[in-house]
Amino acid sequence: MMADDKSEDQEPESEEAPEPAGGGKKKLIILIAALLLLAAGGGGAYFFIFSGGGAATATVELPAPPIYHDFQSLTVDLKTDRCRSPYLKFQPTIQLSATHLPRLKEAEVKIIDNINTYLRSQTRSDLVGKEGADKLRAGIIGIINREIAPAKALTVLFKEFIIQ
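Heads up: the sequence shown begins at -17 in my numbering, then just goes up one per residue.
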């Protein structure tokens, strides 16, 4: 019986298949990839922490929150070939950074004059519809930004917009 026990014990050992040759390579590749990741992470941490304290002491100045400034209501005669000219009545509201408001108020009279001059060269058909309002908005932003440079207006909104 002992001989039978030994043969039974030996059979399962001989039935075990040897490990495939590719299994060791797969583990080696995974190990190398993990080591490379750790090295890259360690290098990144080193440069981030020890990269010369200058970056740690730099302060970032956040822009002031935007505010809205209402201009007076403007009425302008539009360009025409007829005796009775159409007119545009609108009230622009300017969105800009709060730090730029004093500069806008200082230049407001010149801005309004330039807007009036710009609009007198426009026809009714130039300003009709969404495209017309967008064209007017772009023109006004350009005028404002030229007058308050280096400050910039963010956008122009219309509280009132009547073409008659």
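Virtual Cβ for every residue (Gly too), placed ideally from N, Cα, C.
Beta bridge counterpart(s) of residue i as assigned by DSSP
i, result
"His51", "Ile76"
"Glu88", "In the DSSP output, where bridge partners are listed per residue, Glu88 has none listed."
"Ala135", "Leu78"
"Phe143", "Phe72"
Pair within 7 angstroms by beta-carbon distance, residue i and residue j
i, j, result
"Leu136", "Leu78", "yes"
"Ser122", "Val138", "First, the amino acid is wrong: residue 122 is Ile here, not Ser. It is a contact, given that the beta carbons lie within the stated cut-off."
"Glu142", "Ile93", "no"
"Ala89", "Ala46", "no"
"Leu101", "Val42", "no"
"Lys117", "Asn127", "no"
"Lys87", "Ile144", "no"
Enclosing beta strand (DSSP E) for residue i [first to last residue]
i, result
"Leu56", "Leu56 to Asp59"
Residues of its chain near residue i, where Cβ-Cβ distance is below 7 angstroms and the 5 sequence neighbours each way are ignored
i, result
"Ser169", "Any question about residue 169 goes unanswered here, given that the chain covers just -17 to 146."
"Ile97", "Leu56, Ile122 and Ile125"
"Leu17", "none"
"Pro132", "none"
"Gln146", "Pro68 and Tyr69"
"Asp108", "Gly114 and Lys117"
"Pro48", "Gln77, Leu78, Ser79 and Leu136"
Where the alpha helix (DSSP H) containing residue i begins and where it ends
i, result
"Ser107", "Arg106 to Leu109"
Own chain residues within Cβ distance below 8 angstroms of residue i, not counting five before or after
i, result
"Thr75", "Tyr50, His51, Asp52, Phe53, Val138, Leu139, Phe140 and Lys141"
"Ile85", "Correcting the residue type first, residue 85 is Arg in the shown sequence and not Ile. Taken in chain order, the residues that qualify are Ile130 and Ala133."
Residue i at chain D interface by Cβ criterion, 7 angstroms
i, result
"Lys61", "Going by chain labels, chain D is absent from the structure shown, which holds only one protein chain."
Cβ shell of residue i (< 6 angstroms), same chain only, five flanking positions each side left out
i, result
"Leu19", "none"
"Arg119", "Val138"
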